[in-house]
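K.L.:
Heads up: the sequence shown begins at 40 in the numbering used here, then just goes up one per residue. Note that beta-carbon positions come from the ideal geometry of N, C-alpha and C, so glycine has one too. Quick one: structure below, then a few questions.
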Amino acid sequence: MRYFIKLAYNGTPYHGWQYQPNAASVQETLNKALSVLLNSEINAMGAGRTDTGVHAREMFAHFDCDKIIDATKLIYKLNSFLPKDIAIFDIILVTDEAHCRFDATKRTYQYHINTIKNVFLNEQSWFLNQKLDVALMNQAAKILFNHTNFQCFSKVNTDVNTFDCTIFEAHWQENGSDLVFTISANRFLRNMVRAIVGTLVNVGMHKISVDDFEKIIESKNRDKAGISVPAHGLYLTKIVYPYLE
Numbered sequence: 040m041r042y043f044i045k046l047a048y049n050g051t052p053y054h055g056w057q058y059q060p061n062a063a064s065v066q067e068t069l070n071k072a073l074s075v076l077l078n079s080e081i082n083a084m085g086a087g088r089t090d091t092g093v094h095a096r097e098m099f100a101h102f103d104c105d106k107i108i109d110a111t112k113l114i115y116k117l118n119s120f121l122p123k124d125i126a127i128f129d130i131i132l133v134t135d136e137a138h139c140r141f142d143a144t145k146r147t148y149q150y151h152i153n154t155i156k157n158v159f160l161n162e163q164s165w166f167l168n169q170k171l172d173v174a175l176m177n178q179a180a181k182i183l184f185n186h187t188n189f190q191c192f193s194k195v196n197t198d199v200n201t202f203d204c205t206i207f208e209a210h211w212q213e214n215g216s217d218l219v220f221t222i223s224a225n226r227f228l229r230n231m232v233r234a235i236v237g238t239l240v241n242v243g244m245h246k247i248s249v250d251d252f253e254k255i256i257e258s259k260n261r262d263k264a265g266i267s268v269p270a271h272g273l274y275l276t277k278i279v280y281p282y283l284e
């Protein structure tokens, strides 16, 4: 039987979701907990990768088990067994064909910037002591809707068949010294969100124009885009599946 598991994690102590042979990962930590509590070797498949230091407010994984699971009891046991930086919200019985990675129709990320030094946000938000033109950044963000090829924001030498993504939502919201970029798409390339944010920040600093931003997308050249902003400001916030709505 196949189960989806809904979880969240603070990515600070982990080298991302994906298993790493010589470093702690969320996937390995979850697999060990599931294997002990279910008395069977469990290998959970994640809905996608998150890089070292990236957080997830909502992440899904799936795993197979040959026994009927009492979801309420297992959630309680997992939350007691797992470290404090991983939380389990739900365990859902799905069909054998359900796949947490390939069946997702929309993913949403948020990137957090704070423009005033805040000692409580050192690992949760990027401190950027700069005045940003948020209106101009939102104007540039709208250009993302006009394109589908985002090779310029992709990590180089990545093994993908296509650089095409469909953007559903992209905007900045300012609340005092806190600035949040929200972006939703059917899929994301490796490093894509952090590169988009780095390039939009250049717009906000008036280093490049809105027209320049579009030319960067059209160039398909990663070297022309902005920096990859620090991972600790990035959060995976929602994953949508048609059969879980």
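1. Which residues does DSSP pair with N153 in a beta bridge?
2. Does the Cβ-Cβ distance between T197 and R229 come in under 8 Å?
3. When you compare each of C104, Q149, T144 to E213 by their alpha carbons, which one comes out closest?
4. Which parts of the stretch 43-94 are runs of the alpha helix (DSSP H), unbroken and 4 residues or longer, counting only runs that do not cross its ends?
5. Taking buried to mean at least 16 other C-beta atoms within 10 Å of its own C-beta, is V242 buried or exposed?
6. Measuring alpha carbon to alpha carbon, tell me which of L76, L77, A83 ends up nearest V65.
7. Would a C-beta distance cut-off of 8 Å place L275 and R140 closer than the cut-off?
8. Going by C-alpha distance, which of N185, E67, N168, A95 is nearest K254?
9. Exposed or buried, which one is I266 when buried takes at least 16 other CB atoms within 10 Å?
10. Does DSSP put D251 in a helix, a strand or coil?
11. Which first and last residues belong to the alpha helix (DSSP H) in which K277 is found?
12. Closest to F202 by CA distance: which of K259, G272, F43, Q57 is it?
13. Would you check if there are 3 or more beta carbon pairs closer than 8 Å linking the stretch 86-102 to the stretch 45-62?
14. Over the uninterrupted beta strand (DSSP E) stretch that includes F128, give me the two end residues.
15. State the Cα-Cα distance for the pair E208 and D251, rounded to the nearest angstrom.
16. Go to S119, then tell me how far its alpha helix (DSSP H) extends in each direction, as first and last residue.
17. Are there 16 or more other CB atoms within 10 angstroms of the CB of T343, so buried, or fewer, so exposed?
18. Take V285 as the anchor and find which of I278, N78, V173 has the nearest alpha-carbon.
19. Determine the burial state of M98: buried for a count of at least 16 other Cβ atoms within 10 Å of its Cβ, exposed for fewer.
20. On the DSSP letters alone, give me the boundaries of the alpha helix (DSSP H) that T238 sits inside.
P.N.:
From the atom records:
1. F166, D217
2. yes
3. Q149
4. 65-77
5. buried
6. A83
7. no
8. N185
9. exposed
10. helix
11. It is not in any alpha helix (DSSP H) - K277 instead sits in the beta strand (DSSP E) that spans 273-279.
12. K259
13. yes
14. 125-133
15. 21 Å
16. 110-120
17. What the structure shows of the chain is the stretch from 40 to 284, and residue 343 is not part of that stretch, so it cannot be assessed.
18. The structure shown does not extend to residue 285, since the chain spans only 40 to 284, so no value can be given for it.
19. buried
20. 231-243
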